[in-house]
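Student:
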Amino acid sequence: MTRLMTRRRFLIGSTLTASALGLSGCDALVENPKVQSVLKIAEGLTMKTQRLLIGDDTLAREFSVADISPIFRANGTSMPDSAQYQDLLGRQFQTWQLQVGGLVERPASFSLSALKSMPSRTQVTRHDCVEGWSAIGQWRGVPLGALLHQVGLKPEARYIVFHCADEYEKTLDGSGWYYESIDLIDAFHPQTILAYAMNGRDLEVPHGAPLRLRVERQLGYKHAKYLMRIEVVANLASLYGGNGGFWEDRGYEWYAGI
Ligand SMILES: Nc1nc2c(c(=O)[nH]1)N[C@H]1C(S)=C(S)[C@@H](COP(=O)(O)O)O[C@H]1N2
Ligand SMILES: [Mo]
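Taken in order, the sequence shown gives residues 8 to 265; the numbers are from my numbering.
(1) DSSP three-state call for D190: helix, strand or coil?
(2) Would L66 and P217 qualify as a contact pair, given that the criterion is a beta-carbon distance under 8 Å?
(3) How many Å lie between P114 and V222 at the Cα?
(4) Among all residues, which have a Cβ less than 6 Å from at least one non-hydrogen atom of ligand 2, and in what chain order do they fall?
(5) With the cut-off set at 8 Å, would you say L122 and Y186 are in Cβ contact?
(6) Cβ atoms of W254 and E50: under 8 Å apart, would you say?
(7) State yes or no: is the C-beta of A231 nearer than 7 Å to some heavy atom of ligand 1?
(8) Apart from the five residues on each side of it in sequence, which residues of its chain come closer than 6 Å, Cβ to Cβ, to E174?
(9) The beta strand (DSSP E) spanning L201 covers which residue range?
(10) Spatial neighbours of E176 within its chain, please: CB distance less than 6 Å, with the 5 preceding and 5 following residues excluded, ordered by chain position.
(11) Rounded to whole angstroms, what's the CA-CA distance from L110 to S116? Just pull it up for me.
(12) Are V107 and S127 closer than 8 Å when you measure CB to CB?
(13) Does at least one heavy atom of ligand 1 sit under 7 Å from the Cβ of P213?
(14) Report yes if the C-beta of Y259 is less than 7 Å from at least one heavy atom of ligand 1; otherwise report no.
(15) With a threshold of 7 Å (Cβ to nearest heavy atom), would H134 be considered close to ligand 1?
(16) Ignoring anything shorter than 3 residues, give me the beta strand (DSSP E) runs that lie fully in the segment 109-162, in order along the chain.
(17) What is the rounded straight-line gap between the Cα of V72 and the Cα of R147?
(18) Quick check: the Cα distance between E238 and A244, rounded to an integer number of angstroms?
(19) I need the straight-line Cα distance from Q157 to G181, nearest angstrom please.
(20) What residue range does the beta strand (DSSP E) around D173 cover?
(21) Should Q93 be labelled buried (16 or more other beta-carbon atoms within 10 Å of its own) or exposed?
(22) Are the beta-carbon atoms of I192 and L151 separated by less than 8 Å?
(23) Would you say E112 and G159 are within 8 Å of each other, going by their C-beta atoms?
(24) DSSP puts L234 in a beta bridge; with which residues?
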């Protein structure tokens, strides 16, 4: 096949991933600090190896409309239960606004119609979940890079954090809200989009309405659904568990290259 397959083969031999350790899907991951540190080292190698091999701007494979999966399952949260989200949904997201702040020159909020009036990108890609399923879908949305150019990044900016509307795990300290993060290389990658449509229709609630991230060179859990706020930061340490994402705080790799 293609370069992708070659890269996959190479990586199978060269990295140690959660699945290689026999850890399945969204299980609470091994607490063992040794396992954790091995995963961290392997992760650094994975990211460097992949980027070295494929380059920063290489595109994930795109498919044709005929390849779209008839069934694309929903995973993780399929209906955020907060009062705020329920209210937004009840108003067809007409009052929803994406907040963009942190280390930006011009903090801003964007309504759904504002996002829809910006230049868009449409792509048919395969989504790969660590739980062992894949599906092909068509996504349409605003390139994240274009939005970031609009708000302007401050020089200290290093990561883009996505805050979601769902509290995946109810806890007293509020540490169970879903969030994710990517670095600037992925943020400005042409296929990294804030998607408001799937398979030609407005995004449905199970798939992250009204807006979700697509970051096509990484695994499913990076593709944050139910976006509420984007925060630009210099480091990830001060957010929640400090590992840059809900699942990362529970042991998953931060760089989840496919
Ligand atoms: N906010 C939020 N985003 C999320 C999740 C979630 O539970 N909450 N699950 C993640 C996982 S593990 C996967 S595989 C994909 C699933 O996307 P889908 O429901 O559109 O299939 O969303 C990801 N983004
Ligand atoms: Mo997933």
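Every residue gets a Cβ at the ideal spot worked out from N, C-alpha and C, and that includes glycine.
Tutor: Judging by the given coordinates:
(1) Position 183 of the sequence shown, counted from the start, is the residue given in the question as residue 190. Of the three classes helix, strand and coil, the one that applies to D190 here is strand, per DSSP.
(2) As a working note, residue 66 is residue 59 in the sequence shown. As a working note, residue 217 is residue 210 in the sequence shown. In this structure, P217 does not lie closer than 8 Å to L66 by Cβ.
(3) Sequence index remark: in the sequence shown, residue 114 carries index 107 (1-based). Sequence index remark: in the sequence shown, residue 222 carries index 215 (1-based). Near 23 Å, if we compare the C-alpha coordinates of V222 and P114.
(4) N82, C136, V137, E138, G227, Y228
(5) Here residue 122 is taken as the residue at index 115 of the sequence shown, counted from 1. Here residue 186 is taken as the residue at index 179 of the sequence shown, counted from 1. It is not a contact, given that the beta carbons lie outside the stated cut-off.
(6) Against the sequence shown, residue 50 aligns to sequence position 43. Against the sequence shown, residue 254 aligns to sequence position 247. Going by C-beta atoms, E50 is not nearer than 8 Å to W254.
(7) Numbered from 1 along the sequence shown, position 224 holds the residue referred to as residue 231. For ligand 1, at least one heavy atom lies less than 7 Å from the Cβ of A231.
(8) The count along the sequence shown starts at 1 and reaches residue 174 at position 167. Only G183, W184 meet the Cβ criterion.
(9) Position 194 of the sequence shown, counting from 1, holds the residue named residue 201. First-last of the beta strand (DSSP E) with L201: 200-205.
(10) By one-based count along the sequence shown, residue 176 stands at place 169. Taken in chain order, the residues that qualify are G183.
(11) Counting from 1 along the sequence shown, the entry for residue 110 is found at position 103. Counting from 1 along the sequence shown, the entry for residue 116 is found at position 109. Whole-angstrom Cα-Cα distance: 15 Å.
(12) Taking the sequence shown and counting its residues from 1, one reaches residue 107 at position 100. Taking the sequence shown and counting its residues from 1, one reaches residue 127 at position 120. Their beta carbons are not under 8 Å apart, which means V107 does not touch S127 by this criterion.
(13) The residue labelled residue 213 in the question sits at position 206 within the sequence shown. Within the cutoff, so yes.
(14) Counting from one through the sequence shown, the residue named residue 259 turns up at place 252. Answer for Y259: no, Cβ out of range of ligand 1.
(15) For the purposes of this step, residue 134 is taken as the residue at position 127 of the sequence shown. Checking the Cβ of H134 against ligand 1 gives yes.
(16) 115-118, 128-136, 140-150
(17) Sequence index remark: in the sequence shown, residue 72 carries index 65 (1-based). Sequence index remark: in the sequence shown, residue 147 carries index 140 (1-based). About 13 Å.
(18) Taking the first residue of the sequence shown as position 1, residue 238 is located at position 231. Taking the first residue of the sequence shown as position 1, residue 244 is located at position 237. Between the alpha carbons of E238 and A244 lies a gap of roughly 14 Å.
(19) In the sequence shown, counting from the first residue as 1, residue 157 sits at position 150. In the sequence shown, counting from the first residue as 1, residue 181 sits at position 174. Cα to Cα, Q157 sits roughly 31 Å from G181.
(20) The sequence position of residue 173 within the sequence shown is 166, counting from 1. D173 -> beta strand (DSSP E) spans 166-174.
(21) Counted from its first residue, the sequence shown places residue 93 at position 86. For Q93, the number of other beta carbons within 10 angstroms of its own is below 16, and it is reported as exposed.
(22) Working through the sequence shown from its first residue, we reach residue 192 at position 185. Working through the sequence shown from its first residue, we reach residue 151 at position 144. Not closer than 8 Å, so no.
(23) For the purposes of this step, residue 112 is taken as residue 105 along the sequence shown, with counting starting at 1. For the purposes of this step, residue 159 is taken as residue 152 along the sequence shown, with counting starting at 1. Yes; because the gap between Cβ atoms is below 8 Å, this pair is in contact.
(24) Translated into positions along the sequence shown, residue 234 becomes position 227. Note: L234 sits in a beta bridge opposite C171.
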